[in-house]
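Novice: Please see the structure below; I have some questions.
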Amino acid sequence: MKNTSGMMGGLYRLCDWFMRFSVGNILWMVFNIPIVFILFNILYVEQKGVQFFLLVPLIILLPLLFFPATTAMFASARDWVIKDESTSLKQYWRYYKENYIKSLMGGLVLTAVWTIWAVDFYYFSKDNAILMGIFLFLGMVLFVFSINFFTVISHYRLNLLTALKKTLLITIGSPVLFLTILISSSILLYISLNVFWFLLPFFTGALIAYLSFSAFYRYYLKVISA
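Heads up: the sequence shown begins at 1 in our numbering, then just goes up one per residue.
Following this line, the structure appears as structure tokens:
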């Protein structure tokens, strides 16, 4: 029997959560290896023509790989929050297959929206501070919407259109939830990209999924008990 009390119990729980985050994040990274490879090339290639050329396969692969893999990670985070269960390859793969088509279709929609936003931001906000502010605000809304989409897909059994509608309602329906997800995710990304790079392959994605789903689940419990 596992010792779950006292110092040994605390150490066991710490190690257990360490393994949950690291296993979940590593699986997510493995399923996104082609995207990671392209991103590294974009970062280290200086020629703009080559960078633009690499954006094409990146945009194609996002709905095919990134969205299904991220949905599976959020489904694993759901188990951590609700069931207090760890993640295994078998479990992650099951979530990946179960939600693949819905994640792919949602990924096509969101990738298109993100691409339009990026192009507009690049071309129209360079010399206009007002437009830059507007696009930055829209980017923050789209960022939180995307995270909530993964949460909704992993928690509810809905068709794509209903899931998108529910995601929109959740995104604009609770300013507290919106700010919680935006601030916690932004801080984690900033620390991972600028301070502790080792967090990216081992913890960042899983931590964002866990914190975001935890915030959503508290909101969800309040709504159903109201």
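In this text, a Cβ means the ideal position worked out from N, Cα and C, and glycines have one as well.
1) Should I147 be labelled buried (16 or more other beta-carbon atoms within 10 Å of its own) or exposed?
2) Grab the span of the alpha helix (DSSP H) containing V152 for me, first residue to last.
3) In the DSSP assignment, find the alpha helix (DSSP H) that holds N32 and state where it starts and stops.
4) So for V195, helix, strand or coil by DSSP?
5) Determine the burial state of P68: buried for a count of at least 16 other Cβ atoms within 10 Å of its Cβ, exposed for fewer.
6) With distances taken from CA atoms, which of Y190, V223, K126, F216 is nearest R78?
7) Along the alpha helix (DSSP H) that carries K166, what are the first and last residues, could you check?
8) Please work out which residues of its chain come closer than 7 angstroms, Cβ to Cβ, to E98, disregarding the five sequence neighbours upstream and downstream, and give them in chain order.
9) Between G49, I82, F137, which has its C-alpha nearest R218's C-alpha?
10) What whole-angstrom Cβ distance do L168 and V144 have, given they're in contact under 8 angstroms?
11) What is the DSSP secondary structure of E98, reduced to helix, strand or coil?
12) Please report whether the beta-carbon of L199 lies at a distance below 7 angstroms from any beta-carbon of chain D.
13) Using 7 angstroms as the threshold, is the C-beta distance between L188 and I170 below it?
14) Buried or exposed: N3, going by 16 or more other Cβ atoms within 10 Å of its Cβ?
15) Take the Cβ of A206 as the centre, count every other Cβ of all protein chains shown within 10 Å, and call the residue buried at 16 or more, exposed below.
Specialist: Inspection of the coordinates gives the following:
1) I147 counts as buried, since no fewer than 16 other beta carbons sit within 10 angstroms of its beta carbon.
2) Segment 129-155, the alpha helix (DSSP H) holding V152.
3) Note, N32: premise wrong, no alpha helix (DSSP H); not H, not E.
4) Taken through DSSP and simplified to helix, strand or coil, V195 comes out as coil.
5) Label assigned to P68: buried.
6) Each of Y190, V223, K126, F216 was checked against the Cα of R78, and the nearest Cα belongs to F216.
7) 160-173 is the span of the alpha helix (DSSP H), which, as asked, contains K166.
8) The same chain holds no residue with a CB closer than 7 angstroms to that of E98 once the five nearest residues on each side in sequence are set aside.
9) If we check each option's Cα against that of R218, I82 comes out closest.
10) For a cut-off of 8 angstroms, the C-beta gap from L168 to V144 is around 11 angstroms, too long to register as a contact.
11) Helix, per DSSP.
12) Among the chains of the structure shown, chain D does not appear; only one protein chain is present.
13) The answer is no: Cβ separation not under 7 angstroms.
14) Model confidence at N3 stands at a pLDDT of 48, short of 50, so the residue's coordinates are unreliable and nothing is read from them.
15) By the 10 Å Cβ count, A206 comes out buried.
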